[in-house]
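Participant: After the structure tokens below, expect a handful of questions from me.
Residue numbers (this note's numbering): 210 to 717.
What follows is the structure, encoded as structure tokens:
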């Protein structure tokens, strides 16, 4: 029996779902959780084995038959993933509908226009799902758009996803490009892009080429407008696993090209002046030094030794850059370095809040830099939690903010990693009923702050400074202060793996 046959009639009719009693729903839920917790891997293995064995028996020495059987398993898994993703999209649409119903009722109760910062149903749904699953906000936003769009093209993509003939990734990409086309045109574009070539589905390159060509042919002006509206400009940085910083800048193509041309010219000038490093390295230094130092040194104000070693000669841009490349910036960078690491008695990774981690050696080099400034955070030796001030005003003083940011480390929203320095300080008990001091302030980035302030989510702080959250879907999370000594504690032996409890929420 094939997987396709098993997927037929996989869900009861809506009318039957509505007629189920509370007891029946409870029993169905418990059975489903039991299957997910204990039997799903074995069931999936049996299904894909059945899907791969429906031709004929083969001998263990028949390499071609073995390869064909394993290929069928891969195909069955991809099919199953698409079908499950379709189920997930349907649930996502229903989740948004439920949240929207609750929010509409709350808006009616307000009797007025929602205040600034009010989160709409889309944003609340995205926040709910990202917190529960760890998926990125853009990923969830794209899935939600595909799940709720009523256009004919979107309905066609969902149908193909349910039939297992397109992956969720390709469905999202197609939806983003055809959502602005009229219904029939969108369906025609989808059909032309996904059609098989030589009996095989299109490769990623062919898929993208077909999509670009089909959208331009369908509506050139609409395609241009769509690309303008989708233009996302921004910059972000992170530290990779090798301890190198990675800067990503997205801007208008002409600006990016001009910037790279200038960086390349500066790098080549430095090479002509005698710098033997690779051009890629020189380009990277040129880009970052321009951002940090702001200007290119002028040949009129810089001189360099002549090739003979006597006297001076006018320096070119290349000479000046060669002299400057490698300077350490006087920029403000926060690095969390525990005292044992600073003293060299421990070697654990050190955090650069908001960007990532560096190794102990890099952290010590940063500590002894000529322009480094230290800020000492006293912490409780037992808990690792930062430990100081109060004011009668609504706005916290700089000293209070420094202590709260040290205690929290990051946003206190569940799963959130926004550095505390970029967050709002939220009164756990609203001011003036609650004081403006570290015992009544927690760091929350703007979206989590608004979710709590406007009652979308509930957040309460206990006597141990833990924040207890309850979301619109009834999920509960608890976040605590940052343990600054966590990485210095001996690694605990990993507990033996066990099956999740039946009431544990996915993804377990």
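For glycine and all other residues, C-beta sits at the position ideal for the given N, C-alpha and C. Here the structure is a predicted model, which means the values were calculated and not measured.
Based on the DSSP output, what are the partners of residue 446 in its beta bridges?
Facilitator: BP columns for residue 446 point to 456.
Participant: Go ahead and label residue 265 buried or exposed: buried means 16 or more other beta carbons lie within 10 angstroms of its beta carbon, across all protein chains shown.
Facilitator: Because residue 265 sits at a pLDDT of 49, beneath the cut-off of 50, its placement in the model cannot be relied upon, and the point is left open.
Participant: Taking DSSP as the reference, what is the three-state secondary structure of residue 424?
Facilitator: Residue 424 falls in the helix class under three-state DSSP.
Participant: Could you check what DSSP says for residue 306 in three-state terms: helix, strand or coil?
Facilitator: Reduced to three states, the DSSP call for residue 306 is helix.
Participant: How big is the Cα-Cα spacing for residue 517 and residue 452?
Facilitator: The predicted model places residue 517 with a pLDDT of 36, which falls under 50 and marks its position as unreliable; any figure quoted below should be read in that light. About 40 Å.
Participant: Please identify the residue among 466, 469, 443 and 238 whose C-alpha is closest to the C-alpha of residue 457.
Facilitator: It is 443.
Participant: Tell me the DSSP bridge mates of residue 628?
Facilitator: According to DSSP, residue 628 bridges with 619.
Participant: Helix, strand or coil: how does DSSP classify residue 718 here?
Facilitator: Nothing can be reported for residue 718: it is not among the residues displayed for the chain, which extend from 210 to 717.
Participant: I'd like the list of long-range same chain contacts for residue 618, defined as Cβ closer than 7 Å, with 5 residues on each side in sequence excluded.
Facilitator: 629 and 691, listed in sequence order.
Participant: Leaving aside the five residues before and after residue 492 along the sequence, list all residues of the same chain whose C-beta is less than 7 Å from its C-beta, in chain order.
Facilitator: Excluding residues within five positions, the ones whose Cβ falls inside 7 Å are 472, 473 and 476.
Participant: Is the CB-CB distance between residue 675 and residue 688 below 8 Å?
Facilitator: Taking 8 Å as the Cβ cut-off, residue 675 and residue 688 qualify as a contacting pair.
Participant: My guess is that residue 448 and residue 567 are in contact by the Cβ rule of under 8 Å, so how many angstroms apart are they, rounded?
Facilitator: The Cβ separation is near 6 Å, so the contact holds.
Participant: Hey, how far is the Cα of residue 406 from the Cα of residue 374?
Facilitator: Spanning the two alpha carbons is a distance of roughly 14 Å.
Participant: State the DSSP-derived secondary structure class of residue 672, mapped to helix, strand or coil.
Facilitator: In the structure shown, residue 672 sits in coil (DSSP, three-state: anything other than H, G, I, E or B).
Participant: I'd like to check one pair, residue 302 with residue 357: are the Cβ atoms closer than 8 Å?
Facilitator: Yes, the pair counts as a contact, with Cβ atoms nearer than the cut-off.
Participant: Determine the DSSP secondary structure at residue 503, reduced to helix, strand or coil.
Facilitator: If DSSP states are grouped into helix, strand and coil, residue 503 belongs with coil.
Participant: In whole angstroms, give me the CA-to-CA distance for residue 377 and residue 641.
Facilitator: So the two alpha carbons sit approximately 50 Å from each other.
Participant: Please confirm if the stretch 659-666 is in contact with the stretch 326-336, defined as three or more CB-CB distances below 8 Å between the two stretches.
Facilitator: At 8 Å Cβ cutoff, the stretches touch.
Participant: Determine contact between the stretch 641-653 and the stretch 312-329, defined as no fewer than three beta-carbon pairs at a distance below 8 Å.
Facilitator: No, the stretch 641-653 does not touch the stretch 312-329.
Participant: Which residues in the same chain as residue 351 place their Cβ atom closer than 6 Å to its Cβ, once the five residues preceding and following it in sequence are excluded?
Facilitator: Result list for residue 351: 381, in chain order.
Participant: Is it the case that the CB of residue 551 approaches a heavy atom of the ligand ATP more closely than 7 Å?
Facilitator: Of ligands this structure carries none, so the ligand ATP is not represented either.
Participant: Pull up the distance between the alpha-carbon of residue 307 and that of residue 661, whole angstroms please.
Facilitator: Roughly 19 Å separates the two Cα atoms.
Participant: Within this structure, are the beta carbons of residue 402 and residue 419 separated by less than 8 Å?
Facilitator: Yes, the pair counts as a contact, with Cβ atoms nearer than the cut-off.
Participant: Pick helix, strand or coil for residue 663, following the three-state DSSP scheme.
Facilitator: In this structure, residue 663 counts as coil in the three-state DSSP scheme.
Participant: Going by the CB atoms, is the gap between residue 657 and residue 622 shorter than 8 Å?
Facilitator: Yes, they are a contact pair.
Participant: Going along the chain, which residues of its own chain have a beta-carbon closer than 6 Å to the beta-carbon of residue 394, five neighbours each way excluded?
Facilitator: The answer, listed in chain order, is 427.
Participant: Measuring only the C-alpha atoms, how far is residue 388 from residue 400?
Facilitator: Each residue's alpha carbon lies about 14 Å from the other.
Participant: If you draw a straight line from the alpha carbon of residue 549 to that of residue 620, how long is it in whole angstroms?
Facilitator: Rounded to whole angstroms, residue 549 to residue 620 spans 26 Å at the Cα level.
Participant: Hey, quick one: how far does the alpha helix (DSSP H) through residue 561 stretch, first residue to last?
Facilitator: Element bounds for residue 561: not the alpha helix (DSSP H) but the beta strand (DSSP E), 559-561.
Participant: Check residue 409 in the structure and name its three-state DSSP category.
Facilitator: Strand.
Participant: How close, in whole Å, do the beta carbons of residue 654 and residue 631 come, if the pair is a contact with beta carbons under 8 Å?
Facilitator: About 7 Å separates the two Cβ atoms, so the contact holds.
Participant: Where does the unbroken beta strand (DSSP E) through residue 749 begin, and where does it stop?
Facilitator: The requested residue 749 does not occur in the structure, where the chain is confined to residues 210 to 717.
Participant: Hey, out of 417, 337 and 446, whose CA is closest to residue 562's CA?
Facilitator: With distances taken between Cα atoms, residue 562 lies closest to 446.
Participant: Go ahead and label residue 296 buried or exposed: buried means 16 or more other beta carbons lie within 10 angstroms of its beta carbon, across all protein chains shown.
Facilitator: By the 10 Å Cβ count, residue 296 comes out exposed.
Participant: Which one of 560, 553, 659 and 693 has the shortest CA to CA distance from residue 615?
Facilitator: Residue 693 is the option with its Cα nearest to residue 615.
Participant: Taking the C-alpha atoms as reference points, what is the distance between residue 329 and residue 355?
Facilitator: Going from the Cα of residue 329 to the Cα of residue 355 covers about 18 Å.
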